[in-house]
Amino acid sequence: MDHLKGKVTPFRQAYLQWRSLRNVPFRNKFFIGYDLDGNTYWEFFNPNNPDRARRIVEYRDPKLNWVDYEAPPQWVQWLRYARPHYPTLDELHRDKVRQQQIKEKVRQAEARWRSVPLVDKSGGAAGGVAGVGAVGRALGLNVDPAAAGQQQLNGEQAQQQQQQQQQEEAEPVTTDKHANPPKPIERHNPSEGFQPVAWSQNPIKRG
């Protein structure tokens, strides 16, 4: 199965295969592989660290902005040295099929949920039991209606008790001002009672 049909021409595939050879003299940049979009991944000599080659990606259409591309997680891990070997096209194709299957299962589950009729709460516990049974049948589960109804009834009672407790805690506490009148403030500063008087000069006695 040709995963690159219409994305990479046969001539360019042959050229890139030749660029992947490491026994060519004076070659520092080597082709590694493709992704399903036809983007190419390279490895070349790093003069700052000869034991750790640099890894880059070259997108198929250089005219587009880089934000318009999305590299597969497997290739991103290889670029960051998080995995030792680069991913193959078959591995990328299997992962793409797996993602499509997951999306299809999610779509089917959402369709089953939409097909379940809504429960009328005004019908009491009986309506709740019927609703739970319908949901269980729609999802292919074995649900006991009696046990489900009892659990729903217990949940409603607990919710009512919690609301009543919150309402009691929110009520303001009233106090009687005349029962506990405020005490007079005691003054501890001696200068508060000071009153100024007229100035009088005392005669000085000289001996």
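Read left to right, the sequence shown gives residues 1 to 207 (UniProt numbering). The beta carbon of each residue, even a glycine, is placed where N, CA and C say it ideally should be.
Note the first and the last residue of the continuous beta strand (DSSP E) segment covering residue i.
i	result
F31	K29 to Y34
W42	T40 to F44
With a cut-off of 8 Å on the beta carbons, I'd call residue i and residue j a contact; round off their distance for me.
i	j	result
N39	Y59	5 Å
K96	L36	7 Å
Taking residue i as the reference, which of the options has the closest Cα?
i	options	result
Y86	V97, Q164 and W42	W42
R52	L79, R107, N65 and D2	L79
V76	A111, P50, Y34 and V24	Y34
E70	K63, A82 and V57	V57
Y81	R54, L64 and R94	R54
Tell me which same chain residues have a C-beta within less than 6 Å of the C-beta of residue i, skipping the five on either side of it?
i	result
L89	H3
K7	G38
R19	F31
For a quick check, are the C-beta atoms of residue i and residue j less than 8 Å apart?
i	j	result
F44	F30	yes
E91	Q108	no
Using a Cβ-Cβ cut-off of 8 Å (strictly less than) and excluding sequence neighbours within five positions of residue i, which residues of its own chain qualify?
i	result
Q201	none
If you follow the alpha helix (DSSP H) that residue i is in, where does it begin and where does it stop?
i	result
V57	Note, V57: premise wrong, no alpha helix (DSSP H); beta strand (DSSP E) at R54 to E58.
K103	L89 to S115
residue 208	Look at the range of the chain in this structure, 1 to 207, and you will see that residue 208 is not part of it.
P10	P10 to R19
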